[in-house]
Structures are given as C-alpha cells and as structure tokens.
Amino acid sequence: MSTDMKMAFRNIWRSPVRTILTLSAIAFAAIILVFMVSFQLGSYEIMVNSSVKIYTGHIRIQAEGYREKRNMRFVISSPERIAKTVEKIEEIKSYSFRANGFSLVSSENRARGVLVTGIDPEGEAEISTISGLIRKGEYLAPGDRDKVLIGRLLARNLKVGINDELTILGQGKDGSIAAGIVTVKGIFSSGIDDFDRSTVQVPLSYFNDLFYMDGAVHEIVCTADSLFDVNKIKRLLKANLSEKKQKKVVVLDWKELLPGLVQGIQLDLASAAIFYFILVLVVAFSILNTFLMAILERTKEFGVMLALGVKPNRLFKLVLMESSFLTLTGVITGVVVGCAITFWFQTHGIDLAGASEILKEYGMSGIVYPKLSIVSALAGPLLVFVITICAALYPAFKVKKLVPVDAIRSI
Amino acid sequence: MYFQLAWRNIWRNPRRTFVIISAVVIGVWSMVFLSAFSHGMLASMLDNGKSVLIGDIQIHNKKYRIDPSIDNSMDNPDKIRAVLDKTLPQGAVLTERIKVSTYVSNARHSTGAVLVGIDPENEKKISFLGKSITKGEYLDKKDMRGILVGKALLEKFDTAIGKKLIIMARDKKGKVASKAFRIRGVFNAEMEATEKQFLFITMTGARKLLNMEKGISEISIVLNSEPMVEKTAAEIKNRLDTELFAVETWKDLLPMLKAYVEIFNGFMYIWYVVVFVAMGFGIVNTSLMAVFERVREFGLLRALGLKPWPVIRSVLTESIFILLIGIIAGNLLGYVSVLLMKDNGLDLAMFGKGSEFFGMSRVIYPILTMFDVMNVNLVIFFLGAVVSLYPAFRASRITPVEAMRQ
Amino acid sequence: MYRYKLILSITAIACVFVLMSGQKISAAKDNSGADISGLGSAIVKQAFDYYRGVASISVAEMTIHRAEWERTMKIKAWTRGVHDSLFKIISPAKDKGNGTLKKGDEMWTFNPKVNRTIKLPPSMMSQAWMGSDFSNNDLAKSDTIVKDYTHSVTDVKEKDGLKIFFIESIPHPDAPVVWGMLHFKVREDGIMLSQGFYDEDKILVKELVTTDIKMMGGKLFPAVWKISKQDEKQEYTTIKYLELEFKDSLPSRIFTRAGLKKKIR
C-alpha cells in the first residue's frame, strides 16, 4: 500500500460516524436501485408472461406470409417434422399446434363472423392460461370432438350458454365449404375484450376434419421458462429450420407479436429512469455536501500540508482517493446487501395486495417476484458510482485551488 | 430570545449553512418535482383512458353493454336529459353519441369499424377528438356528409381528405343502409387501435343514415372534480330507472386503469420515503459535522453550566430554521422547474419510444397540486426535524473535557 | 382482430346472375337522339337491361384462380327480377347442395351437412363472397347505376359491322359507390363487352371482360365473364355459362327457405 493510500484510508476513519453515514447513503441508494430494477424486470416478466400466456405464446412458427395475409392456404403442412426440431431445444418449455379459420358462427337467432381456432386441448393447456380462465362449464378434454370454448362477450352476443348449439360455417383449406354443429363446453373471460369477443376454440382434430386441413396447421406456438431464453430459442429455431430446408416458415417472437407491450415497457422504464435519476441526484448531493463539509473542516490541515511542500496535485489525488474509496465501499456494500434482499424476495414474492383482486380475476397472480440479473444488480449501482464520483470531483478541485496562507488562517 | 440566537448562529458560518440548506433544497425540490411529475403521469394516463369516449360517467341502455347494437339504443333520451339537468353539478359537461358497428369501404379497401355520431360542440369539450384533428377540419354541426377518420385508417385505406368513404350499417328498421361520406379531417390518437376503430360523423348525419328519430346510444359526462364522480353517479342512479339504464363511472368501465392508479399511488408514498431517507443521510451528516465543528463552543456552554435541554433546543431551532429556508427555496425551485415544463412537458421519447400499452402520453406535463405540495412539505419538515434530533442530542452530550481535547 | 375476407361459397355471384337473367332487348333507338350524356345513360341502361329480365335458370362453372391455387365449382342458379335469387352448388361433390337465397337485402345460406339455414348478418353480406373477385358492390342494378352516375360517350368504334360505344361514368358526389369512375364498352346490340372499375384517382382497380358471345336461351349472350384485379394479375375469377334459359316467370316457392333446402337433382 502506498503512503497516499494509507493516508487516505486513515483520513476516512478519522471521523467514523460521518464515514458510516456517507457509506450508508451510498449503499442505501445502491440497494434501492438493485431492488427496484429487479422488481421492475420481475413485474415486466409477469406482465409479458401473463399477456403472452393468455394466447400469444413466446414464439410462433408460421408459414411465410400467413401473419400478413391470414390466408387459410398458408399452412405448415407437416407440423410433426418441425415439432421434432422444437423438441430438441431444451429452453422450449412446451409447444402446441393451432389452426385458424375465419367463419360465420351462429346460434339460434344470432350470427357473428369470428376466428375459429383449432387447439390441441392437452398442449394448449400448457401454453395458454385460458384453461384457468373458464368461468362457466369446463375446458376441452383430449377426446372431445364437436365441443367449443367461447369468449364471454361472444357468448353474450350470440346469446348462448353451456351445452347450447352453435353452427360453424366457413371455408376449408381446399376452398370447399366447412360446416359443423358444435356445443358450447366452456365460456372463458381473459379480460381482453377484443379476444373475448372474437374467439372460438375447437379441438384441433375436429378442426382438421371440418376445414379439410389434411393434418396441416397454421401455427406452432411455443412457450419458454423465462423471457431471457426467447432470443436464444429464436436463434436456434431459425438455424435448425433453415438447415432442414423446410418449406418457408418464419419464427416470430412475442416482441413482434405484441409490439404495444414492448413499447409499454420502454415507456415504463423511461419514467422509472426519471425516478431513479432523481434519487441518485439526491444521494449525490448528500455526498457532495458531506465531502464539501469535510474539506471545509480540514482547510487548515490542507493549508499546512501545502505549506510543507505537498503538491496541490497530490492533495487532489489524495482527496479523490478518499472519496473513491468511500464510494466504492458503499456501492459494493449496496450491491451485496441489495442482491441479498432482492434474492430473498425473489424466492418469497411480493404481494401487491391492493390490486391483486383485479389481477387475480384475469389470471395474474398479483405476486411479483423480483428478477435478479447482472443488469439489475449492476446498472443502478454503476449510476450511483459515476454520479457520486462526479460529485466528489468538485470538493477535490477546491482543494487543488487552495492558497496555503489563506487556508491556514481559516477557521 | 433563543430564536434570535439561533438565527445569528446559523449565519456565523454562512458557507456551512449554505451547504446544509442545499441538501434540504435538493430534497424538497426532488420531492415536489416527483410529485408533480407522477401526478402529471397519472393524469395523462387517466385522461387518455377517459377521453377515448369514456368520460367520468356513462349512461346506456342496460342491454347495450351486453350487446352494443342499434336495437339497444335509448330511444327517448328526453327523460334522462331532464334527470341530468337536475342532478349534474356545476361545471359538468355532457355529450350524446350514437355508436354502431359499420362496414366502411373505398375502391380498394374495406374493414369493420365503429361509427360514432357526435354533437361536435359538446364532443370537443369532452373527448380527445377536439384537440386531435391534425389535418383538415373538425365537423360542423350541420355537416351531413362529413366524416373524421383516424390517421392509421387513412393510411391503411390509402386515401386523403376530400375523398369518399362508403359506410354500410344496419339501420333502426333492420335494413342495410349505405351512404357516401367525405373525409373532412384526420385525427391522431394516443393509440393506433383508436385511430383504426372509430369514425366520426355528426349526430344528424348518423340519424339520417340509420333512420333514427331521436334515439342515442350513450351519454358521456365529464365532471370537473374527481371526488364528485361517485356521488353524482349515485344520484343519477337514484333518479333513473336502473332496470332500463346502466349508469357507470370510469372505474367500472376501466377496471385495469383503476387498479394501476391504485398501485401507482401506493408506490409513490414508498418512493417519497426512499427519497427522504436518501436526503436524511445528508442532513444528519452535515448537521452532525456542523455540531462537531462547534465542539469547543458547546463544551464552553456546558462548562458555563448550561443544561443539556437548552443546547438541544438551540441546535434544533437552528436546524428548523435551516429546514424552513431549505423548504421555501426548494418549493420555489420545484415550482420554477414545473413552470419551465408547463409548455413543452417532459418528453419520454428520449428514453423510450412507445406509450400505447399503458395508454399514457409520451410527453408528461407535470401537475403541481396544493395537496401534494402540502404533503411533501409536511413530510420533509417533520422527518427533517426528527432526524435533526440526533445531532442536537449529540451536541448536548459534548462534555467540556471532550471539547478541551479538540 | 383477424379480419380477412370470409370466403363462403355461392353467394358472391348473386349479382352477376341477376344481371344476366335478361329477357327483352329494349330498343336502343328509343333512347337515342338525346344529348351526349343522355345517350351514355341510355346505352348503359340498355346494356344492363339486356341481362335483366323476369326470370332465368342457368348452370355455370366458376373458377377462382390464384397464383398457387385454383378451384372450380359448378353452380345452378334461379333468378327472378333483381330481388330474388337462389344458388346451389352442383359440384364438387363435397359441397353439393350448399345453397344461398337472396331476397332483397336479406340473405340466407343453407348447408346440407349440418342441415341448417343461417341468416347472414349484414356486415358479412357486403364482403367479397366466396373468395371470388366479384362483390356485391361492383355490380349495381340498372336503376341505381343510371341514377348514381353521369354517363357520357367518349368514343364510338366499329368492329365486325357493329358499333362499340366507349362510355365513361362518373358517380355523383353523394352517391354511395366506392368507385371514382367506371368505363364501359357496350356493343350496339346491348351486349356489354367490358366494365372497368377505377378508384377516385382514376386508376384502374379491376376489370370485367366478357367473351365468347353466342346464342344462349334464345338470344346472344357472352358465355364467359372474367373479372381480374389490376394489382395482382395472377388473381382472377371466371364464370362460364353451360346452360341458360330465360323464362317469363318462376314460381315463388323456389325463392323460399324451403326451396333453399330442397335437394338438387
């Protein structure tokens, strides 16, 4: 340890109360930021997952052009082959096939044009929360044929209840007329009005026969354990699917499927950034003041040192070293304690009691689990470190400009 | 007497005092600003949510919310108007609308949309539409053929102002009615979905198209104070036949927004505490240092036989003076910074580009309310006084011996 | 959410068939001698009236063509006036017996497999039925086409000894039509050779062309009707008449829901 470092270290501990308070302020800011950023990321994950899991899925594989044109004929003709690739990717938690046909769905005296979706009841229950949002009746069972699930608002519009009949009239993949009579088995409410107003789900096997699909599907919907896996999955899927020279398929992730959600998160991050910035500013001022006072207190001392021939630059270095050391200790303490606290909540969850009832109604748990990651653990503390160091520069420059005689004379 | 003493004391070393004051100022400023900012954010979120044809209170035919078709309109609104005349508080504005789903087409495109017949004068006062016409003109009350379309729809249909849209709808008698309308103006909305979903024509134009005599689909009411909403809604419910009509507030109509507002408010209180703690460290630290600087003085006072209490009192009084000065300056600074952003707002686009999902504007206009300012100041003053207790105690416990050692 | 065109079956060509069930050849001369725009109206009216009549029974083959796909159906149609029409699919076998009944503004469709008759909501009626390129909006009735547009003769040419009138039709400002302009080519005997549909910028959107004019049901009639989109040359729909018979009247029971359900021979 060099002399300067030793000196700086000793100086810091000359006034333990002050040092501890300063350290605490820095550590406190770092802790709050680690926790808040983790909390935010955790709540975004919940938000995204609950949106994604109602219906959208994290990743969808579709025939090229299907998303834009919604043409019945743009199919994945041999979904099992792609499923083999999908199964090889560990990060994909579950996947399911879907097929869609725009149809006229009518009850005894009402008719509506809606999207009829063929789902595999077992697979779908893994990737979508609809099975848990059934308000009346039951979810589809694996052996079901001419049974449907319909949205609450559509059920109201068509004036149907459980076990009522609906007629589906649409056009099959080959252009021929698709018609069938089904009975309502379950009515769901997702909380997304658009979805509840325009969705009818039938078993995929029944859809396949009704719409002459020949085993083809329109989408393979996949979900991941964590949002952080999505990019990797997408990359792997793209690489593997092009390798096998599959007929042109595209891989879409949730960001492409729900662009509004991504934008919402960006906006929330932006406003949160303002909150954090102000917090850091307040802390920085506290610290600036502390350093400033410390320098004022030691003006005489610095004056003596200067008079003894210590170069102003060395003094500057010394003061800066003191503050850097303090800041670094504070930040590191903050990261460690912040991570520990966050980790505890990550395993136990935080109940947003006030809102949980509404959230619960729509299948969200209302319990947020902060998500600790490298970014959330370091981004905030880094900001604290940089701003605090900047705050420390001002008093240090002041020291550099001291004139020995004046300094010694000061109180 | 000790007020004077304290006042003189704090100016004995102005540099030191300024440093402590600045800590308070920055704390007060940040909290005033944050409260204004978050208030502005919430207000914009609420406004955006409510202004897209919601308002504070809505009245419909009871069957309308289940099945929003022309069959479930309110065919004799005179009775409701009479009730509203009696119940609405001063400053309330209401507008009537006809809302039906239609099919709109031009030569190349067609889509389903919601056609809204409006009273242009009142609609302007209540909903987003009045301030959202970016191209062309707003509707004139007598305009029978004019239509307002959203920017997204305009682009999707590849059309322009002055061109035709053919509207097709089921009229009151169940027949298919179709008419040509000319695009008079284009509106922008916070959400693209809104721009694609709604088309606006005049009430008279809508009545003509739909063969309606005097029926309406909904009444939307905006009050000038939030606390009145529930009360007014309850009063309207009392006087209307609730078997026939549904009276709902924005909280019933936008439950997710309501939940978000509640979470957000809770979060704000927590955040006040967090910022205060951050500021508190600075205050304690600097006042403590000020106390240590004056060790000799306090030691002398004690040696002269002064009891601990007067020392506490004098240090505390000094802190409170400093707090007060800081609070005044901080409020002024907060007020000025809010004022500076009054016209242009704070554009969040520099951080992130989207806003649709939360229904929040990209640009936030801070709103300073008396309530928030009082809250912030009271919190800072009391907590500030509480944290100043420690340095004051510390000062009272300085013994002459300790002072001599310095 | 997912709004794309419902591609049901038979209903689409309703209008085409209605237009085609012509009977008496109204003499063009009755209306000639008027000013130039009057002449235009008269020719358009004559052309539409040529196909319009009291009643008809026909069998036609409709082919919908897309770049990667094609489908052909055989349809039998009964029409009476402009209000009543009934269509039934004869082939492919899978779809046999599916039918649509149109009475004025109302429309029903019947499917034998589920044995249900469904009344179509108005929002669906206005769409391009059956995935063909024909739609209800395009093929107006003669009374509305004369009323909604100003027709003027822009050119007259002669081919095979018959005059061909080139007519430009501009809609009245408030007319509920999506088009900005129509172009007709009408032969002097009243047979329409083509109809072009333009948007408000006077750019061609789609075009109907008739060919193979021959004696059918007692008068000259174009047996092949082809409508194609201008943007996508690969997309078109053709209707080829196999049988056509004009009648003075058809019994009302044909145009009922019972008639819609009745099995086709």
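Residue numbers (the working numbering), protein chains in the order written: chain A, -1 to 409; chain B, 533 to 938; chain C, 6 to 270. Even for Gly, the Cβ is constructed at its ideal location relative to N, Cα and C. Source: prediction; values computed, not measured.
In terms of CA proximity to residue 326 of chain A, A:387 leads the group A:387, A:258, A:211, A:342.
Runs of alpha helix (DSSP H) with 4 or more residues, each lying fully within the segment 193 to 231 of chain A, are found at 202 to 208, listed in chain order.
Inclusion of residue 368 of chain A and residue 33 of chain A in the CB contact set at 9 Å is warranted, their separation being smaller than that value. With fewer than 16 other Cβ atoms from the protein chains shown falling within 10 Å of its own Cβ, residue 906 of chain B counts as exposed. Out of C:158, C:96, C:257, the CA that lies nearest to the CA of residue 192 of chain C is found in C:158. The criterion of a C-beta distance shorter than 9 Å is satisfied by residue 205 of chain C and residue 639 of chain B. Neighbours of residue 820 of chain B in chain A, taken as residues whose beta carbon is under 8 Å from its own, are 15, 16, 19 in chain order.
Residue 290 of chain A belongs to the set of residues whose beta carbon lies under 9 Å from a beta carbon in chain B. Under DSSP, residue 36 of chain A shares a beta bridge with no residue. Under the DSSP assignment, residue 105 of chain C falls in the beta strand (DSSP E) whose first and last residues are 104 to 108. Shown here for residue 68 of chain C: same chain residues with a beta carbon closer than 6 Å to its own, the five before and five after excluded, namely 77, 243 in chain order. Residue contact check for residue 283 of chain A against chain B: a CB pair falls below 9 Å. Taking residue 86 of chain C as reference, the option from C:269, C:255, C:261 with the minimal CA-CA separation is C:255.
Here the C-alpha atom of residue 100 of chain C lies approximately 16 Å from the C-alpha atom of residue 64 of chain C. Minimum Cα-Cα distance from residue 175 of chain C among the listed residues C:165, C:187, C:181, C:169 corresponds to C:187. Comparing alpha-carbon positions, the option among A:258, A:199, A:45, A:336 lying closest to residue 128 of chain A turns out to be A:199.
For residue 109 of chain A and residue 179 of chain A, the gap between their C-alpha atoms comes out near 14 Å.
At a cut-off of 9 Å, the C-beta of residue 321 of chain A has no neighbouring C-beta in chain B. Around the C-beta of residue 103 of chain A, 16 or more other C-beta atoms lie within 10 Å, and the residue is accordingly described as buried.
Pairing residue 879 of chain B with residue 684 of chain B, the inter-Cα distance amounts to about 22 Å. Contact with chain B is absent for residue 115 of chain C, since none of that chain's Cβ atoms lies less than 9 Å from the residue's Cβ. Beta-bridge partners of residue 617 of chain B (DSSP): none assigned.
For the 9 Å CB-CB criterion, residue 560 of chain B and residue 817 of chain B do not form a contact. Using a Cβ-Cβ cut-off of 9 Å, residue 102 of chain A counts as an interface residue toward chain C, since at least one Cβ of chain C sits closer than that to its own. Sequence-distant partners of residue 789 of chain B (beyond 5 residues in either direction) whose C-beta falls short of 6 Å from its own C-beta, in its chain, are 581. When the five nearest sequence neighbours on each side are left out, the beta carbons in the same chain lying within less than 7 Å of the beta carbon of residue 853 of chain B are those of 538, 539, 542, in order along the chain.
None of the residues of the segment 219 to 253 of chain C has a beta carbon lying less than 7 Å from any beta carbon of chain B.
Residue 904 of chain B carries a helical assignment under DSSP once its states are collapsed to helix, strand and coil. Rounded to whole angstroms, the gap between the alpha carbons of residue 258 of chain C and residue 264 of chain C is 6 Å.
In this structure, residue 230 of chain A sits near residue 89 of chain A, with a CB-CB distance shorter than 9 Å.
Within the same chain, Cβ atoms closer than 6 Å to the Cβ of residue 62 of chain C are found at 83, 250, the five residues on either side in sequence being excluded. Counting only runs of 3 or more residues that sit fully inside the segment 45 to 72 of chain C, the beta strand (DSSP E) segments are 60 to 71, in chain order. Taking C-alpha positions only, residue 546 of chain B is separated from residue 554 of chain B by approximately 12 Å. Counted as a single uninterrupted DSSP element, the beta strand (DSSP E) harbouring residue 74 of chain C occupies residues 74 to 85. Under the three-state reduction of DSSP output, residue 895 of chain B falls in the strand class. Cβ atoms of residue 606 of chain B and residue 593 of chain B come within 8 Å of each other, at about 5 Å.
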